[in-house]
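Colleague: Under our numbering, read the sequence shown as residues 3 to 270, first letter to last.
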Amino acid sequence: MVGFNLNILEKERELKNLKEKYLMLFKKHEDLSKEKFVIYNRYNLVFGEKYYERYLLYFECERLRRKIELYQVYLNREEKIDKILVESLLNAEFLEYEEKLALILEEYRLAQDFDKLPALSVKDVREIKRIYLKIVKKIHPDLNPNFQNYQDLWERTLRAYKMNDLKTLQECEFILDNFIFEEKYKEPQIELDAEIAKFQQKITEIKEKNIDLINSFPYNQKHLLNNPELIQEKLEEIAIDIELFRENHAILENRIREIDPTYEKEIC
């Protein structure tokens, strides 16, 4: 019986250690996600304006090319061009282009707003991390069997941590301290092996997530953004694309004027 109890204690310690390791990996994942958010905004701040200019020209070129095709159909049939119908077709066909263009502009403007946010003090950064880790240990869904009772607080905490919103995190901590009472919960002995296996699997999964996050966009642009020479090279590449689109745009405009002398440059 003594040996059995020792075995249980060892498994409980193992499970406790696995949970702590998982929590640290989870926090690392959230830290990486937060950094990814910062990198994404910085990337859009640096390149967003030129990306918008390039995509606008690409969009206009594609629309002009398609307009010429539709006009040519009328010419081949020796029919009068129905400009209203053509514009209606173009608006429908290029809706996704317009939506993407609007998204590029929106992300650039959001990056500008994000860049204007005041920097946090070292003290505030430490306080944000302290509160976040405290709440995670208490109500993380993988650690708390009664998570459904705390889902709103959990989601609010995650959002606040991502945005470095200290005030909201302090409010979340107040709720945790004053309105959420720790419920005693002990793993049934029969479930220890299953719980150990579950957390071993979760640790493997979150490690893979962290690796994927580091190797994916925009996190993989971190080196680029920390190198002014690489930034300049990329801006020059985009500038070359823009110039090529401008040249192509001029050719397409000349072609459509040959078909329709009354053509005026579109504002998309």
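Cβ coordinates follow ideal geometry from the N, Cα and C atoms, glycine included. Computed from a predicted model, the values in this text were never measured in an experiment.
Just to check my reading of the structure: residue 27 and residue 205 have Cβ atoms closer than 8 Å, yes? What is that Cβ distance to the nearest angstrom?
Modeller: In the sequence shown, residue 27 corresponds to position 25, counting from 1. In the sequence shown, residue 205 corresponds to position 203, counting from 1. Right, the Cβ-Cβ distance comes to about 6 Å (below 8 Å), so this counts as a contact.
Colleague: Verify whether the separation of the beta carbon atoms of residue 1 and residue 130 is less than 8 Å.
Modeller: Any answer about residue 1 is impossible in this case: the structure gives the chain only from 3 up to 270.
Colleague: Secondary structure at residue 82, three-state DSSP: helix, strand or coil?
Modeller: For the purposes of this step, residue 82 is taken as residue 80 along the sequence shown, with counting starting at 1. Residue 82: coil per DSSP, three-state reduction.
Colleague: Note the first and the last residue of the continuous alpha helix (DSSP H) segment covering residue 159.
Modeller: Counting from one through the sequence shown, the residue named residue 159 turns up at place 157. Element bounds for residue 159: 153-164.
Colleague: Below 8 Å on the Cβ atoms is my guess for residue 83 versus residue 257; work out the distance and round it to an integer in Å.
Modeller: Numbered from its first residue, the sequence shown carries residue 83 at position 81. Numbered from its first residue, the sequence shown carries residue 257 at position 255. About 14 Å; that fails the 8 Å criterion.
Colleague: Measure the C-alpha to C-alpha separation of residue 43 and residue 221 and round it to an integer number of angstroms.
Modeller: Your numbering for residue 43 matches position 41 in the sequence shown. Your numbering for residue 221 matches position 219 in the sequence shown. Rounded to the nearest angstrom, the two C-alpha atoms are 11 Å apart.
Colleague: Which residues in the same chain as residue 124 place their Cβ atom closer than 6 Å to its Cβ, once the five residues preceding and following it in sequence are excluded?
Modeller: Residue mapping note: residue 124 aligns to position 122 of the sequence shown, counting from 1. Counting only Cβ-Cβ distances below 6 Å, and skipping sequence neighbours, we find nothing.
Colleague: Check whether the Cβ atoms of residue 102 and residue 163 sit closer than 8 Å, and answer yes or no.
Modeller: Counting from one through the sequence shown, the residue named residue 102 turns up at place 100. Counting from one through the sequence shown, the residue named residue 163 turns up at place 161. Taking 8 Å as the Cβ cut-off, residue 102 and residue 163 do not qualify as a contacting pair.
Colleague: Can you tell which of 61, 80 and 22 has its C-alpha closest to the C-alpha of residue 92?
Modeller: Position 90 of the sequence shown holds residue 92. When each option's Cα is compared against that of residue 92, the closest is 61.
Colleague: Work out the CA separation of residue 95 and residue 80 for me, nearest whole Å.
Modeller: The residue you call residue 80 lines up with position 78 of the sequence shown. The residue you call residue 95 lines up with position 93 of the sequence shown. Answer to the nearest angstrom: the Cα atoms are 24 Å apart.
Colleague: Give me the Cα-Cα distance between residue 149 and residue 121, rounded to the nearest whole angstrom.
Modeller: The count along the sequence shown starts at 1 and reaches residue 149 at position 147. The count along the sequence shown starts at 1 and reaches residue 121 at position 119. Answer to the nearest angstrom: the Cα atoms are 33 Å apart.
Colleague: So is residue 65 buried or exposed if we call it buried at 16+ other beta carbons inside 10 Å?
Modeller: One-based indexing of the sequence shown puts residue 65 at position 63. Label assigned to residue 65: buried.
Colleague: Our contact map puts residue 24 next to residue 213 with C-beta atoms below 8 Å; I'd like the distance itself, whole angstroms only.
Modeller: Here residue 24 refers to the residue found at position 22 of the sequence shown. Here residue 213 refers to the residue found at position 211 of the sequence shown. Rounded, the Cβ-Cβ distance is 16 Å, inconsistent with contact.
Colleague: Mind checking residue 17: buried by the 16 CB within 10 Å criterion, or exposed?
Modeller: Locating residue 17 in the sequence shown gives position 15, counting from the first residue. So residue 17 ends up on the buried side.
Colleague: Less than 8 Å between the C-beta atoms of residue 233 and residue 34, yes or no?
Modeller: As a working note, residue 233 is residue 231 in the sequence shown. As a working note, residue 34 is residue 32 in the sequence shown. Not closer than 8 Å, so no.
Colleague: From residue 14 to residue 193, what does the alpha carbon distance come to, in whole angstroms?
Modeller: Here the question's residue 14 lines up with position 12 in the sequence shown. Here the question's residue 193 lines up with position 191 in the sequence shown. Near 11 Å, if we compare the C-alpha coordinates of residue 193 and residue 14.
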